[in-house]
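In the numbering used here, the protein residues as written are 49 to 532. Here is the structure we will look at, set down as structure tokens.
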């Protein structure tokens with residue numbers, strides 16, 4: 049079936065105004081938040097219900113047409129990059145809060161619900177939703193599930209996977225299946241855990257059951273300014289080593305501070321080579337004791353200024369600079385690549401020095417703003433795509449940063465996902481056997497390789513193929529769809 053015939057079938061099954069084929073309209077969806085990669089889809093379906101998603105997926109399954117799910121489009125790894133010959137299924141209009149159940153500490157939401165909206169709906173009941181990506185004002189829960197998003201407070205509270213207990217999923221053949229539920233755990237294979245973070249390669253979530261977290265009795269926030277990232281990194285390690293686990297420890301270097309000041313005038317201390325934003329929450333007595341200890345460790349690491357938020361207004365001002373940092377970098381550079389590697393906290397000073405050295409060697413700048421508490425780096429590699437060779441140099445630096453993370457025992461991604469951007473780096477972190485085992489799971493869900501093809505895995509792998517190699521540890525063969 050050709051694209052025109054498929055579009056006609058989709059219009060008949062859904063509605064004409066929800067199926068886009070005009071090239072100018074399609075260009076709106078040509079990339080996600082990583083604008084470095086762009087592909088115009090053949091068709092866009094604007095789903096308004098689970099039935100719309102089912103109809104679109106069934107049409108794709110019947111015609112062997114690839115499809116990609118997209119939420120708010122804020123992803124930073126090219127995970128929602130469309131397929132040129134495929135259908136982009138947009139779930140951003142599925143934005144209903146199905147149930148708010150504080151008595152069970154659960155909420156049930158559709159995938160297009162904005163992250164922050166869950167907290168706003170839960171707050172009157174004394175609860176909030178803990179995972180808080182920097183884009184939480186615009187990112188959707190469905191996208192958070194796909195990428196296993198984290199955020200500033202994941203140090204203490206964990207990632208999306210720690211807060212999702214159940215899903216309704218449209219599988220790549222168009223079936224609707226439940227995974228998990230309202231209970232903390234379910235018997236059998238952990239298919240819920242497999243789905244969260246699978247980057248749209250196993251199907252599309254149409255309903256998400258999330259945990260709600262009690263609002264803390266007390267929240268204390270401080271901003272500590274240091275002459276260098278070495279000192280800020282030393283303070284971070286000292287705080288964690290002392291047994292204190294803050295809700296968040298965030299670091300920004302001089303270049304990212306410059307960008308934030310230009311964009312939102314956050315008033316961070318002048319001359320700082322790095323700042324830490326440290327937040328503690330919990331019972332008042334515990335927070336006060338830990339806060340004194342955090343302050344002491346910052347002072348011992350040579351913080352030249354420490355500001356303590358006196359109220360919510362000052363707390364929001366401190367966070368404003370950090371939360372706006374990614375977008376703010378656009379004030380000092382026309383283009384940039386956001387990376388997302390992870391390293392041990394103790395390696396922060398060394399790795400940050402090496403990042404600066406690599407950037408200098410290639411003639412580009414790197415702004416560092418990241419979750420220091422769990423070593424999740426977010427280096428922003430700045431370049432001007434209008435200058436010949438700069439994009440290539442920026443990509444070389446970006447890859448070198450991932451190599452540094454692996455070299456220090458870390459990972460190529462902490463929360464942004466692999467997508468299309470980092471698929472080629474997967475073999476540097478995983479063996480062939482590892483990758484084949486991962487692909488077995490995908491084949492169980494998607495034997496026709498229709499759901500978000502070309503993402504995560506470094507080379508085209510089709511279900512039903514046999515690897516041309518035997519490992520000393522294992523021999524994995526693909527025998528079709530019956531692999532689970």
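We put the beta carbon where it would ideally sit given N, CA and C, even for glycine.
Asked	Found
Nearest candidate by alpha-carbon position, reference residue 265, set 333, 156 and 294	333
Three-state secondary structure (DSSP) of residue 142	coil
Closest Cα partner of residue 71 within the set 384, 87, 64 and 368	87
Three-state secondary structure (DSSP) of residue 292	coil
Distance, residue 480 Cα to residue 268 Cα	47 Å
Residue closest to residue 417, alpha-carbon to alpha-carbon, out of 374, 230 and 379	374
Top-ranked residue by Cα proximity to residue 368, from 123, 352, 357 and 312	312
Residue 364 classed as buried or exposed, judged by whether at least 16 other C-beta atoms fall within 10 angstroms	exposed
Classification of residue 233 by the beta-carbon crowding that lies within 10 angstroms, buried from 16 upward	exposed
Residue from 503, 493 and 456 whose Cα sits closest to the Cα of residue 474	503
Limits of the beta strand (DSSP E) - the one that residue 243 falls within	Unbroken run through residue 243 is the alpha helix (DSSP H), 239-243; no beta strand (DSSP E).
Per-residue DSSP class, three states only, for residue 65	helix
In DSSP terms, what residue 262 is bridged to	175
Local Cβ density within 10 Å of residue 299, reported as buried at 16 or more and exposed below that	buried
C-beta contact flag for residue 347 and residue 317 at 7 Å	no
Proximity winner among 331, 345, 335 and 274, relative to residue 288 (alpha-carbon distances)	345
Start and end residues, alpha helix (DSSP H) containing residue 100	98-111
Beta-bridge partners of residue 94, as assigned by DSSP	138
CA nearest to the CA of residue 425, picked from 263, 400 and 218	400
Exposure label - residue 485; buried when at least 16 CB within 10 Å	exposed
Residue 410: first and last residue of the uninterrupted alpha helix (DSSP H) it sits in	396-410
Every unbroken beta strand (DSSP E) within the region 288-336, with a cutoff of 3 residues, ordered by chain	296-301 and 322-330
Supposed contact pair residue 212 and residue 225 - C-beta distance, whole angstroms, cut 8 Å	Not really, about 15 Å apart at Cβ, beyond 8 Å.
Beta-carbon separation (whole angstroms), residue 202 vs residue 172, contact threshold 8 Å	In fact, because the Cβ distance is near 25 Å, the residues do not count as touching under 8 Å.
Cβ-Cβ separation, residue 96 to residue 68 (assumed contact under 8 Å), whole Å	Contact flag wrong, Cβ pair sits at about 14 Å.
Close beta carbons around residue 263, own chain, < 8 Å, minus the five adjacent residues each side	171, 174, 175 and 176
Buried/exposed call for residue 455, threshold 16 Cβ in 10 Å	exposed
Exposed unless 16 or more other CB atoms sit within 10 angstroms - verdict on residue 411	exposed
Enclosing alpha helix (DSSP H) for residue 167 [first to last residue]	163-170
Residue 434 beta carbon less than 7 Å from that of residue 125	no
Assumed close pair residue 415, residue 377 - CB separation to whole angstroms, cut-off 8 Å	6 Å
Option in 383, 108 and 111 with minimal Cα separation from residue 83	383
For residue 229 and residue 184, the rounded distance between their alpha carbons	24 Å
Meets three-Cβ-pair contact criterion under 8 Å: the region 272-282 and the region 112-123	no
Between the CA atoms of residue 127 and residue 322 - distance to the nearest angstrom	31 Å
Terminal residues of the beta strand (DSSP E) in which residue 384 lies	383-386
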